[in-house]
Amino acid sequence: MYHQQPWSGTQKVGFRFTFIFFLLFILPFPFSTIFGVFDLYILDQLFSSFWQWFAQLIASTFLGISELSVNPTGSGDKTVDWIFYISFFALAIFGSLIWTALDRKRTNYYRLWRIFVMIVVYYLVYYMAIYGFIKVFWLQMPELHIDRLLKTYGQSSPMGLLWTFMGASKTYSVYAGLSEVIAGTLLLFKRTRTLGGMVTFGVMFNVFMMNMAYDVPVKLFSAQLMIMGLYIAMIDYKAIFGLLIFRKSEDLIAWPPFFKSSRNNAILLTLMVLFVAYNYYQRIDAGISGRAQYGELRPKSSLYGLYDVEHFVQNGDTIPPLMTDDIRWQRMIFDSPVNTQVMYMDDRLQYYTTQIDTVERLITFKIGRDSLQKSYDLNYEKLEDGMKISGVFESDTLNIRLKTYDLSNFYLTNRGFHLLNEVPWHRYDPIPKPNW
Numbered sequence: 001m002y003h004q005q006p007w008s009g010t011q012k013v014g015f016r017f018t019f020i021f022f023l024l025f026i027l028p029f030p031f032s033t034i035f036g037v038f039d040l041y042i043l044d045q046l047f048s049s050f051w052q053w054f055a056q057l058i059a060s061t062f063l064g065i066s067e068l069s070v071n072p073t074g075s076g077d078k079t080v081d082w083i084f085y086i087s088f089f090a091l092a093i094f095g096s097l098i099w100t101a102l103d104r105k106r107t108n109y110y111r112l113w114r115i116f117v118m119i120v121v122y123y124l125v126y127y128m129a130i131y132g133f134i135k136v137f138w139l140q141m142p143e144l145h146i147d148r149l150l151k152t153y154g155q156s157s158p159m160g161l162l163w164t165f166m167g168a169s170k171t172y173s174v175y176a177g178l179s180e181v182i183a184g185t186l187l188l189f190k191r192t193r194t195l196g197g198m199v200t201f202g203v204m205f206n207v208f209m210m211n212m213a214y215d216v217p218v219k220l221f222s223a224q225l226m227i228m229g230l231y232i233a234m235i236d237y238k239a240i241f242g243l244l245i246f247r248k249s250e251d252l253i254a255w256p257p258f259f260k261s262s263r264n265n266a267i268l269l270t271l272m273v274l275f276v277a278y279n280y281y282q283r284i285d286a287g288i289s290g291r292a293q294y295g296e297l298r299p300k301s302s303l304y305g306l307y308d309v310e311h312f313v314q315n316g317d318t319i320p321p322l323m324t325d326d327i328r329w330q331r332m333i334f335d336s337p338v339n340t341q342v343m344y345m346d347d348r349l350q351y352y353t354t355q356i357d358t359v360e361r362l363i364t365f366k367i368g369r370d371s372l373q374k375s376y377d378l379n380y381e382k383l384e385d386g387m388k389i390s391g392v393f394e395s396d397t398l399n400i401r402l403k404t405y406d407l408s409n410f411y412l413t414n415r416g417f418h419l420l421n422e423v424p425w426h427r428y429d430p431i432p433k434p435n436w
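Just so we're aligned, residue 1 is where the sequence shown starts under the UniProt record's numbering, counting upward by one.
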């Protein structure tokens with residue numbers, strides 16, 4: 001695609017636009033990553049502050065938005081993000097026009113292009129590792145918690161359904177993560193860089209389509225990574241189309257040493273290896289610790305399980321299990337060591353901060369914050385098939401009889417893998433066993 005011979009006008013203009021457009025997204029990477037090794041994030045802060053100011057200027061001038069929300073929310077498709085992307089596109093057009101007017105006599109930008117490709121490649125490697133390893137360790141869409149198993153399809157958002165679908169299978173999560181990690185790794189080597197670009201494009205196209213179809217708010221960023229992967233692959237577009245369409249052999253583009261000096265090339269290679277090794281180490285270390293903190297090896301409640309409320313006595317009155325009742329408890333979920341969930345008869349799910357004392361057999365519910373926080377101690381007694389809970393809770397005296405629900409009844413997490421299936425299980429089962 002690009003070489004050391006004179007470039008055509010189209011190639012030069014295309015490079016100028018792509019160079020500006022991509023770097024507006026990428027910077028301050030990779031310098032911010034190097035600073036980050038020493039816990040210095042001044043570059044990130046400077047770039048973030050400037051672009052937030054710029055976005056606010058655009059929003060107030062052209063959109064009439066006096067105060068633009070820039071706080072992190074987990075969404076990458078906020079108004080400020082759309083302003084960034086549209087502004088970067090406009091700046092790239094404007095910048096490439098000025099660059100073309102000022103630098104018409106340049107025959108090629110081969111040297112600068114090599115640096116640019118290197119930055120794009122390592123940017124992709126960095127983010128493919130981030131999104132890949134978090135799936136490999138089953139953390140982005142983690143193992144399904146008990147409260148998620150109680151939520152119906154209709155109660156789920158499209159994104160929630162996607163997270164449930166991915167989290168229901170560790171095997172698929174690991175596969176999806178490895179696909180991203182392998183795609184990024186292939187980009188590192190000259191011989192496999194084109195293949196890496198193609199795989200990155202394919203993997204990220206699938207991610208982009210899932211984000212579009214299930215309304216996951218990372219549409220812009222996934223599209224960005226997808227386009228960057230395509231750009232790397234299309235460096236060898238003649239060889240790709242020659243092989244796949246025209247059945248004609250074409251040589252892949254040559255990647256000669258970056259420097260004439262072997263010493264300088266050795267230094268560059270060392271820096272690249274250190275960057276990748278540190279990045280992969282960070283991701284693996286975060287995956288191992290995350291797996292123990294909030295993944296499949298996370299700490300669980302000493303009373304872990306799902307319990308159905310069989311009898312609910314409030315202030316001496318037995319409350320019947322009516323679906324219209326918003327006071328009576330329907331189920332209790334003990335999953336995390338620090339909180340307990342109560343499902344009411346109207347299917348409302350309430351989270352309570354709790355502390356369980358297994359010696360005194362007390363469940364302490366904490367409601368409110370700071371000086372307004374109130375604590376309620378409920379005694380519990382474990383039974384062969386459940387538990388009894390009694391005590392004063394929010395001015396009401398409660399006596400509750402709980403029955404343990406067998407979690408193996410949840411087909412989603414306990415069906416397992418079957419190589420041999422005479423019929424699609426449960427799809428044609430005329431009388432499936434009840435879930436409750």
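Built from N, CA and C at the ideal position, the CB exists for glycine as well. Fair warning: this is a prediction, and the values are worked out from it, not measured in the lab.
Query raised in the report: If you draw a straight line from the alpha carbon of ASP335 to that of TYR294, how long is it in whole angstroms?
Result: 11 Å
Query raised in the report: To which residues does DSSP link SER375 through a beta bridge?
Result: LYS366
Query - Residues of its chain near LEU68, where Cβ-Cβ distance is below 7 Å and the 5 sequence neighbours each way are ignored - result: ALA55, GLN56, ALA59, THR79, VAL80
Requested in this report: Put VAL207 into one of helix, strand or coil per three-state DSSP.
Outcome: helix
**Report entry** For THR107, three-class secondary structure by DSSP
**Finding:** In the three-state reduction of the DSSP assignment, THR107 falls in the coil class.
Requested in this report: Could you check what DSSP says for VAL219 in three-state terms: helix, strand or coil?
Outcome: Before going on, a small fix: residue 219 reads as Lys here, not Val. In the structure shown, LYS219 sits in a helix (DSSP, three-state: H, G or I).
**Report entry** ALA213 versus ASP385: straight-line alpha-carbon distance, rounded
**Finding:** 43 Å
Query - Residues near GLN5 by beta carbon distance below 6 Å, same chain, minus five either side - result: none
Query raised in the report: So, helix, strand or coil for TRP82, using DSSP?
Result: helix
Query - Beta-carbon proximity check, LYS382 vs TYR307, cutoff 8 Å - result: No, these two residues do not count as a Cβ contact at 8 Å.
Query raised in the report: Which first and last residues belong to the beta strand (DSSP E) in which MET332 is found?
Result: 329-334
Query raised in the report: Are three or more beta carbon pairs between the segment 123-130 and the segment 222-233 nearer than 8 Å?
Result: yes
Report task. Confirm, please, whether the CB-CB distance from TRP99 to ARG16 is below 8 Å. Result -> yes
Query raised in the report: Smallest Cα separation from GLY197: which of TYR237, THR164, PRO158?
Result: TYR237
Query - Same chain, Cβ closer than 6 Å to TRP436, five either side skipped, listed in chain order - result: Unreliable positioning characterises TRP436 in this predicted model, as indicated by a pLDDT of 49, which lies under 50. A coordinate reading is not provided.
Query raised in the report: For ASN414, which option in PRO28, ASP406, SER96 has the closest C-alpha, if you only look at C-alpha atoms?
Result: ASP406
Query raised in the report: Which of helix, strand or coil does DSSP assign to MET343?
Result: strand
Query raised in the report: Since LEU398 and GLN341 are thought to touch, with beta carbons under 8 Å apart, how far apart are those beta carbons, to the nearest angstrom?
Result: Actually they do not touch by this definition, with Cβ atoms about 16 Å apart.
Query - C-beta contact flag for LEU225 and ALA239 at 8 Å - result: no
Query raised in the report: Span of the beta strand (DSSP E) holding GLN350?
Result: 349-357
**Report entry** Terminal residues of the beta strand (DSSP E) in which VAL13 lies
**Finding:** VAL13 -> not in any beta strand (DSSP E); alpha helix (DSSP H) instead, spanning 9-26.
Query - Neighbour-count burial assignment, GLU180, 16 or more Cβ in a 10 Å radius - result: Burial check for GLU180: the Cβ neighbour count within 10 Å reaches 16 or more, so the residue is buried.
Requested in this report: Please confirm whether VAL70 and GLN52 have their CB atoms less than 8 Å apart.
Outcome: Cβ distance < 8 Å, so VAL70 and GLN52 count as in contact.
Query raised in the report: For ARG283, does the count of other Cβ atoms within 10 angstroms reach 16, so buried, or fall short, so exposed?
Result: buried
Query raised in the report: Residues in its own chain within less than 6 Å of GLU422 by CB, not counting five upstream and five downstream?
Result: none
Requested in this report: Check whether the Cβ atoms of ILE367 and LEU303 lie closer than 8 Å to each other.
Outcome: No; because the gap between Cβ atoms is not below 8 Å, this pair is not in contact.
Query raised in the report: With DSSP run on the structure shown, which of helix, strand or coil describes ASN315?
Result: coil
Query - Top-ranked residue by Cα proximity to LEU91, from TYR278, TYR153, SER32, PHE22 - result: Answer by Cα proximity: PHE22.
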